[in-house]
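One structure below.
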Amino acid sequence: MTDTTEATTALRLPVRTHTLANGMRIVCHEDRAAPIVAVHLMYRVGSRHETPGRTGLAHLLEHLMFEGSLHAPKGQFDDLLERVGGTNNGSTWLDRTNYFETVPSHAVELPLWLERDRMAFFLPVLTSEMLEVQRGVVMNERRQAYENRPYGMADERLHQMLFGDAHPYSWPTIGYMADLERITLDDARGFYSTYYTPGNAVLVFAGDISADEAAALAERYFGDLPHGPPIPPFTPPADPAPAAAVSREAMGDDVSFPRVYQAWAVPGYGTREWVALDVLAYLLADGDSSRLQRALIREGRLSQDVDTYLYPTALCGVWGIVTTARTGIAPERLEAAIRRVLDDVVANGVTDDEVLGAARRVRRDQVGDLATVEERAESLAYAATVLGEPEALERVLETYGEVTPDEVRRAAARWLDAGRGATLVVVPAEGASQDGEAGDE
Amino acid sequence: MSEIVVLPPPRLGPPPAPRVPHPARWTMANGLRIVSAPRHGVPQVVLRLVLPAGSAADPAPYAGAASLVGHLVAEGTATLAAEELHARLDLLGAAVHPHVGHDFAEIELVLLSETLREGVGLLAEMAMRPSFPEHETERIRAESLDALVARHDEPANVADDRAALEVFGPDHPYGIPSFGTEAGIREVPREALIAFHAARYRPGGSFLVAAGEFDPAELREALDAAFASWSGDAEPTAYPPAPPLGGEERMVFVPWEESAQSEIRIAGQGLARTDPDWIRAGVTNFLLGGSTITGRLGANLREDKGWTYGARSLFSAGVVPGGWVAETAVDVGVTRDAVNEMMREIRRLAEEPVDEAELRRAKDALMLSLPRMFETPAGVASRLATVEAYGLPHEWWDRFPDAVEAVTTEDVGRMARRHFDPQRLVRVVVGGWR
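Residue numbers (this note's numbering), protein chains in the order written: chain P, 62 to 502; chain G, 480 to 913.
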């Protein structure tokens, strides 16, 4: 057996934080292991801040933000960073939009200068030509990543089923094609002016830089910018974890094997129940000895693959299972086998060793994920944005070592009830419609 | 906005000196080479055991044998039944990633630092004593066949596979996917898998890279204990010559009904990883499509035209000359135009001299990104494995900046004419042709 029996100590991510007069929050995590610095700017705005009929706006704006600003015109953003050996990107998700650069430490001021310019001088360059080109790029991104990909439309439909049309987690961050066509220059201007302000942002430095240097640079590049207008109040849906609007549906797609998607709305990121549910996700499907791997693949021989996941989202978490049938296996058999595994967890609980192994596997992935300064910066920015402060990240990581088998069982019983989840079965359909219309059940 | 001060662009100091790891290297008595690169900070160890057992060594007619063997090492050993092996690995929190490429098979084990000793033992067990249980062998075979079918649901995969086949033909290992063919996977007998393992999973010709947080003495002890009884040399792999390309400009079109996009590949032959031109060719490729946005292909097709989410090009490393491909996916309606624009950029690089400023930019981007390449244990393991696998000089990464700096505009023209000759490229389109 193993020499070690403890679910080892949590990761330490020391930070120093302060807030500029304009409300922008600054976080520095110093780590001198490599001569690079990650700069991470996260705005507290995501697709959930869009309105129905204008979905995809947050993400389209993210694309536009790379098209230049007044003093760094089109092409310069990527060009300037690449030529100093840096890398950069941005992404839009349900609760936040982020922009991040990793550069050799001599070049840390360059991303700050570029981010300042597009925080202060973006609107003067935003044109309808720019909007049209990026509208085309995003539509191609949607085609490439969703419409032209097997099973690519499943998540979109699953979330509609789980949340119903009015919930802000029901639409995809990429947006609907019809909405993308509808977005106007004024929509983009309004969204930018409302949310892209210092008071709605957190700036994280991680890597080869001291907190004092980071503070001075933050003041120099962002200290003089105005706070911006107050952020419109966001009214969260009354029930953060509603019962599924539609509980089961089948969808045809041009694929060879049925695939079963199941999802439940659960407590939001950072809560103790969220951590217990994350341990459960690892316990059930990460590792070849896990219960779903055995029931569906190794012993059951029903599936080609099985995966569980948990979204670290704010209004509620989303806990899901995805599994693909083997040749000749009907999806109903997968659904029944999954239900048996979940029912068994609820009825008979899980063991100490299962929880210990799962907590270690979580930690293995966290250690791997947090190996880069870019990931550390993002995780700290996300904790600051969703949990209120970057220090909350360490507390979440610590909680994994405290979760008990009984907590795991209770979380499963409370949240993964058959009546609360949505099940979408994607079934092979010759020449199936590519726009995600539901097939016959 | 006029009240906000316009700050001048920052003046940057000199770049930091790259910190390239200088690992300890030794060879065990049985011939297994070890590359050990400890570094504190991330409590993780990445172990990569690399064996000359890739699909290039597939025994005819069983394309897919190497891949099956590579995955079956984690499915039970002489002393641990599959369930027992999985339970041990899972309780440690370890992740096993078997990978079989064209040239090499790899078993990667990602561990928490405190589980190094047990992890090394399990890695050795998998590499040395897999038992190929009948039950698990048939399951992996069936799953592999299903995966092959599922793979062809995706036009991007169809385009990748077809481009490789057109460039290398069915008789060269790079012409077919490293996971094999339906017939090969279906028909290879279990005994052939056992024989493949016996001939190729040997310490002589193999190496292990360890990167991350560990005590080097503890690693050495653990390796000595776990691998001491392993012996023998792997059989060498013979590579047939790649078919000559040339003559008429070739185009292959695979219609894909109701496709939202066309997948485009423009493919040809590249060079071996040990070719003295590798870096010159890499810089040349970087100008064309090394970055999906700022390369000439991305700048044209994405940034200028908005036809695609990205376009890029790359050389594949190989023991013998590997492939080169330029790839993108575009709106079906502009398929023909996109192929023409890509060919125009490819020709332009061969025919018109590149200017010094553009080359300067590419060189800086490549040289200055060096610190990022060695940030994580996985990154370190990967870069050191490349050096070891292809027998590159141990100082490869130390010399990298100077080698990039030495590339001239003439080199770029020469490389482009050598590798991007339109007559020796095949265009593959999966989707619509409009």
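We put the beta carbon where it would ideally sit given N, CA and C, even for glycine.
Just so it is clear, the structure is predicted and the values come from calculations on it, not from any experiment.
- Not a single CB atom of chain G sits nearer than 9 Å to the CB of Q221/P.
- Under the Cβ criterion (8 Å, minimum of three pairs), the stretch 779-788 of chain G counts as touching the stretch 808-826 of chain G.
- Across the set R840/G, A542/G and T660/G, the C-alpha of A542/G shows the shortest separation from the C-alpha of A671/G.
- Take the alpha-carbon of A305/P and the one of P494/G: they are about 54 Å apart.
- In terms of Cα proximity to Y343/P, the closest of D368/P, F127/P and T148/P is D368/P.
- V883/G is the residue among V883/G, W786/G and I619/G whose C-alpha sits nearest the C-alpha of V762/G.
- V307/P and R481/P have their alpha carbons spaced roughly 10 Å apart.
- The three-state secondary structure of V428/P, taken from DSSP, is helix.
- Its chain contains R913 as the residues whose beta carbon lies nearer than 6 Å to that of G812/G, once the 5 sequence neighbours on both sides are disregarded; these appear in chain order.
- Look at the stretch 828-864 of chain G and you find these whole runs of alpha helix (DSSP H), each 4 residues long or longer: 835-847 and 849-852.
- Look at the beta carbons and you see the stretch 826-835 of chain G touching the stretch 888-896 of chain G: at least three pairs across the two are nearer than 8 Å.
- Interface with chain G (9 Å Cβ-Cβ cutoff): Y282/P is included.
- Taking C-beta separations shorter than 6 Å and ignoring five residues to either side along the sequence, the partners of E415/P in its chain run L344, following chain order.
- The alpha helix (DSSP H) runs lying completely inside the stretch 62-135 of chain P and spanning 4 residues or more are 118-125, given in chain order.
- Of all residues in the stretch 605-625 of chain G, those with a C-beta nearer than 9 Å to a C-beta of chain P are E615, R618, A621, E622, L624 and D625, reading in chain order.
- Residue environment: W325/P is assigned as buried (16 or more neighbouring CB atoms within 10 Å of its CB, all protein chains considered).
- Close to chain G, meaning a Cβ-Cβ distance shorter than 7 Å, are the following residues of the stretch 152-170 of chain P: T163, P165, S166, H167, A168 and E170.
- If you look at N150/P, you'll find it in the beta strand (DSSP E) that goes T148 to T153.
- Within the model, the alpha-carbon separation for V88/P versus P165/P is close to 19 Å.
- Ranking L121/P, T163/P and S231/P by CA distance to the CA of L192/P puts L121/P first.
- Near chain P, meaning a CB-to-CB distance below 9 Å, the residues of the stretch 843-861 of chain G are D843, A844, L845, M846, L847, S848, L849, P850, R851, F853, E854, T855, P856, A857 and G858.
- Proximity to L904/G across G802/G, A536/G and A566/G peaks at G802/G, based on C-alpha coordinates.
- Around A739/G, the beta-carbon contacts reaching into chain P at under 7 Å are R204, E208, N209 and Q495.
- For G572/G, the residues of chain P that pass the 7 Å Cβ criterion are G418, R421, R422, R424 and R425, in the order they occur in the chain.
- Rounded to whole angstroms, the Cβ separation of A398/P and G361/P is 6 Å, and the two are in contact under 8 Å.
- In this structure, the CA atom of G260/P is about 6 Å from the CA atom of N83/P.
- Taking a contact as a CB-CB distance under 8 Å, the pair T153/P and T234/P counts as one, their CB atoms being some 5 Å apart.
- Across the structure, S792/G and A638/G are spaced so that their CA atoms are roughly 14 Å apart.
- Distance between A662/G and A674/G, taken at the CA atoms: about 19 Å.
- In the DSSP assignment, E170/P falls within the unbroken alpha helix (DSSP H) covering E170 to A181.
- Contact check for D712/G and G683/G: beta-carbon distance about 3 Å, within the 8 Å limit, so the pair qualifies.
- Around the Cβ of G572/G, a 10 Å sphere holds 16 or more other Cβ atoms; the residue is buried.
- Counting along the chain, W335/P sits inside the alpha helix (DSSP H) bounded by residues R333 to A346.
- With respect to the 9 Å criterion, V521/G and A445/P are not classified as neighbours on the basis of their beta carbons.
- Close to E633/G, with beta-carbon spacing below 8 Å, are these residues of chain P in chain order: R210 and P211.
- Excluding residues up to 5 positions away in sequence, P502, R504, V688, L863 and E867 lie with their Cβ nearer than 6 Å to the Cβ of V514/G in the same chain.
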